[in-house]
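Note sheet for the following structure.
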Amino acid sequence: MKSSKNPHLTDPLKRYWYLCLLYVLFSYALTQILVLGSDRIADATDNLFAGEAIVLQEFMVPFIVLMLLGGAAAFGKSYSKNTFSIRMQTDMRNMLIGKLVKIRTVYFDKEGTGALMNKLLSDMYQIEALFAECIPELLVAFVSIVTVCVYIGIQSVRLLFVTVVCYPILLWIANRLTKAVGAVAAVRRQLYDDLENSAYDAIQGILVGKAFNLYELQKKRIDHIEDDIVKNESHRTKVLAANYVMGDLVRWIPKLICYLFCLYEAGKGRMSVGAIFAYVMLLDQIARPMGNIPGQIASIKEYAVSVRRLQEVLNQEEEMSGTGDFVPEGDTVIELSHVSFGYSEEKEVLKDISLTVKKGSSVAFVGRSGGGKSTVMKILCGFYYPQKGQYRIYGHDFGEWDIGALRRQIALVSQNVFLFPGSIAQNVAYGRIGASREEIMDACKKANIHDFIMQLPKGYETEVGERGARLSGGQKQRISIARAFLKDAPILLLDEPTSAVDVETEQGIQEALREISRNRTVITIAHRLNTIEDADEIYVFEDGRIAERKVRANGIQ
Ligand code: ADP
Ligand code: MG
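Be aware that the sequence shown starts at 1, since it is given in full-length UniProt numbering, and climbs by one per residue.
Dropping the structure here:
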């Protein structure tokens with residue numbers, strides 16, 4: 001069995017660290033150019049005060065060279081930053097989508113669709129900001145501050161001391177002020193999950209909502225969440241506003257102290273006018289990034305919440321998969337022995353199920369609703385795993401199969417039909433990607449839906465709407481049957497395939513099913529007796545157990 005380690009959200013950093021390094025190098029080069037430029041100005045100013053005439057050419061040529069170099073460095077800096085951020089984002093998004101399709105079905109049972117969408121969109125935006133803005137800015141701040149400090153230190157250690165002494169205290173206060181930010185952000189993201197879930201439910205169930213007058217109830221639920229969001233936002237705003245003020249203080253207090261110190265030093269004759277000039281220009285290179293740090297601390301605390309939430313998705317268990325891609329052979333197709341299963345630990349839904357399905361046979365599951373028939377089919381498709389017992393298919397244990405290879409053997413028509421937005425032709429073609437139009441039509445003819453499709457003004461190109469909203473229940477069901485026909489798999493699982501069609505259409509489909517069942521192994525969950533007539537074997541489900549097994553006299557046994 002493949003046991004792959006869970007990916008980490010920051011894995012793409014291993015691939016793109018060099019872009020980040022390039023960015024730091026370009027930033028360093030740019031700051032050095034600025035330092036050199038101010039050095040030139042300091043010299044020129046001092047020379048001027050000393051009464052020396054300035055030769056314009058001597059002054060300008062190095063400046064133009066520095067400007068050109070500065071332009072090149074700025075270009076490299078911006079280019080490497082944007083490339084880094086876009087590559088990181090793309091890889092992280094691909095990683096999440098790639099993970100999502102592999103996560104076990106149970107996760108989707110407990111995580112609401114709205115919450116998951118919120119994570120994929122909103123939290124992803126947060127992380128984009130982290131890699132596009134926050135991290136690059138912090139790195140640049142670090143590089144500029146160190147470069148400028150080294151320059152100032154070379155000029156005067158006393159000046160360097162005064163320049164940096166205030167910052168640690170101010171940053172410490174800023175960090176304390178933003179202590180609550182992480183907790184507030186975690187609550188905020190959870191509230192938006194709830195809001196998305198409620199909105200999603202209200203939209204999905206819009207007709208039930210209307211029919212049962214649930215508007216007030218739904219609105220109350222959403223209002224309640226929104227009240228909490230407003231409270232949370234107001235708390236957040238206060239913390240961030242305090243932090244903003246802190247940023248300004250970090251920018252101005254040290255600047256002011258430094259100016260005063262410069263004046264003092266100049267008075268003592270330890271600093272020239274040119275040096276003060278250069279220093280003032282450079283100080284901005286420290287004060288600006290330093291002033292931004294309190295805001296960045298707060299942002300990072302918020303982004304960390306999103307990183308954790310997305311990492312939780314990446315940490316989910318993946319579907320089991322072996323490596324076997326076996327040839328379907330042998331007389332026994334499916335074998336369940338003493339299978340027990342529950343969606344949760346509290347309730348066992350299947351209890352000690354044992355059954356064998358022979359090649360080419362037609363098996364029917366019957367029994368009251370809630371008996372566990374659909375659950376058996378979900379286990380056969382590998383959506384859930386038995387907690388006890390064994391599931392073998394074509395003589396190989398389920399765990400030995402590559403999950404994709406196993407699913408190629410099975411075509412499922414599930415009880416809850418799902419159609420993707422798109423045309424009818426596209427929806428049928430999902431049965432077998434790359435199928436020709438003739439094959440699609442052929443499948444639709446067998447599923448008794450071709451004539452209906454041809455009556456539509458746009459025929460096979462008719463859009464089905466979200467979840468197939470523009471079609472009737474029976475039409476959707478027949479399209480999903482056509483999809484399964486097109487897949488042409490050796491095992492066909494039909495979960496109440498004709499529950500939503502009228503008796504006449506049903507007869508047509510039954511005929512088609514009989515036709516397609518000829519060389520296949522078919523398990524049908526039947527809700528009407530006429531389906532059972534064709535069955536070689538019938539299993540009666542009752543409360544998660546097989547209560548009875550009937551074998552047709554001339555059936556396969
Ligand atoms: P049948 O198809 O025979 O009507 P099912 O297999 O759909 O019955 O359901 C069997 C039992 O499992 C029911 O009690 C149902 O409530 C429960 N059940 C079905 N799906 C889920 C799920 N995703 N999570 C939790 N319980 C479920
Ligand atoms: Mg069912």
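By construction, the Cβ of each residue, glycine as well, lies at the ideal position given by its N, Cα and C atoms.
Since we're looking at a predicted model, the values are computed, not measured.
Pairwise C-alpha distance: residue j and residue i
| i | j | result |
| --- | --- | --- |
| Arg189 | Met246 | 25 Å |
| Met377 | Gln415 | 10 Å |
| Glu548 | Phe541 | 7 Å |
| Ile334 | Gly404 | 17 Å |
| Leu170 | Ala180 | 18 Å |
| Leu474 | Leu456 | It is Gly, not Leu, that sits at residue 474 in the sequence shown. If I take the Cα positions, the gap works out to 16 Å. |
| residue 563 | Glu504 | Examination of residue 563 is not possible in this model, given that the chain is present from 1 through 557 alone. |
| Ala298 | Leu406 | 49 Å |
| Val208 | Ser27 | 59 Å |
| Ala443 | Tyr394 | 26 Å |
| Gly389 | Leu350 | 11 Å |
| Glu466 | Asp325 | 35 Å |
| Leu412 | Ala484 | 6 Å |
| Ile276 | Gly291 | 21 Å |
| Thr498 | Ile353 | 26 Å |
| Val157 | Cys134 | 31 Å |
| Pro136 | Asp11 | 17 Å |
| Arg40 | Gln311 | 50 Å |
| Leu25 | Gly71 | 14 Å |
| Leu282 | Asn94 | 42 Å |
Buried/exposed call for residue i, threshold 16 Cβ in 10 Å
| i | result |
| --- | --- |
| Gln387 | exposed |
| Tyr539 | buried |
| Tyr244 | exposed |
| Asp227 | exposed |
| Lys14 | exposed |
| Val230 | exposed |
| His450 | buried |
| Ser472 | exposed |
| Phe398 | buried |
| Leu48 | exposed |
| Leu19 | buried |
| Gln57 | exposed |
| Ala278 | buried |
| Glu511 | exposed |
| Tyr264 | exposed |
| Phe212 | exposed |
| Asp193 | buried |
| Gly269 | exposed |
| Ser344 | exposed |
| Tyr215 | exposed |
| Arg309 | buried |
| Pro62 | exposed |
| Phe161 | exposed |
| Met88 | buried |
| Trp401 | buried |
| Ile546 | buried |
Strand pairing of residue i, partner residues [DSSP]
| i | result |
| --- | --- |
| Ser362 | Val522 |
| Cys411 | A small fix is needed here, since residue 411 is Ala in this sequence, not Cys. For Ala411, which the question treats as bridged, DSSP gives the partners Leu492. |
| Gln390 | Ser337 |
| Phe541 | Gly367, Ile546 |
| Trp401 | Gly324 |
| Ile509 | Answer is none; Ile509 lacks a bridge partner. |
| Ser423 | Glu463 |
| His8 | Beta-bridge pairing links His8 to no other residue. |
| Ile103 | Glu318 |
| Leu350 | Phe341 |
Any chain C beta carbon closer than 8 Å to residue i
| i | result |
| --- | --- |
| Tyr391 | Note that chain C does not occur in the displayed structure, where there is just one protein chain. |
Cβ separation of residue i and residue j, assumed to be a contact under 8 Å, to the nearest whole Å
| i | j | result |
| --- | --- | --- |
| Val464 | Leu494 | Rounded, the Cβ-Cβ distance is 21 Å, inconsistent with contact. |
| Ile22 | Met92 | According to the sequence displayed, residue 22 carries Leu and not Ile. The pair is not a contact, with the Cβ atoms about 20 Å apart (cut-off 8 Å). |
| Arg552 | Ala535 | 7 Å |
| residue 560 | Gln477 | Given that the chain is displayed from residue 1 to residue 557, the structure contains no residue 560 and the question cannot be resolved. |
| Pro294 | Val250 | 6 Å |
| Gly37 | Leu66 | 5 Å |
| Gly371 | Asp543 | 6 Å |
| Ser85 | Ala115 | With 8 Å as the limit, Ser85 and Ala115 do not qualify as a contact, their Cβ atoms being about 26 Å apart. |
| Ile491 | Gln409 | 5 Å |
| Lys445 | Glu515 | About 11 Å separates the two Cβ atoms, so there is no contact after all. |
### Message
Under 8 Å: do the region 431-446 and the region 343-362 share three or more Cβ pairs, one atom per stretch?
### Response
no
### Query
For the 8 Å Cβ check, are there 3 or more pairs between the region 84-102 and the region 184-202?
no
### Query
Counting Cβ pairs, one atom from each stretch, are 3 or more of them under 8 Å apart for the region 446-461 and the region 378-397?
no
### Query
Between the region 128-141 and the region 190-200, do three or more beta carbon pairs fall short of 8 Å?
no
### Message
Quick check: the region 123-131 against the region 209-220, are at least 3 beta-carbon pairs closer than 8 Å?
### Response
no
### Query
Counting pairs of beta carbons, one from the region 162-169 and one from the region 306-325, are three or more of them closer than 8 Å?
no
### Message
With a threshold of 8 Å, are at least 3 pairs of Cβ atoms found where one atom belongs to the region 143-156 and the other to the region 231-241?
### Response
no
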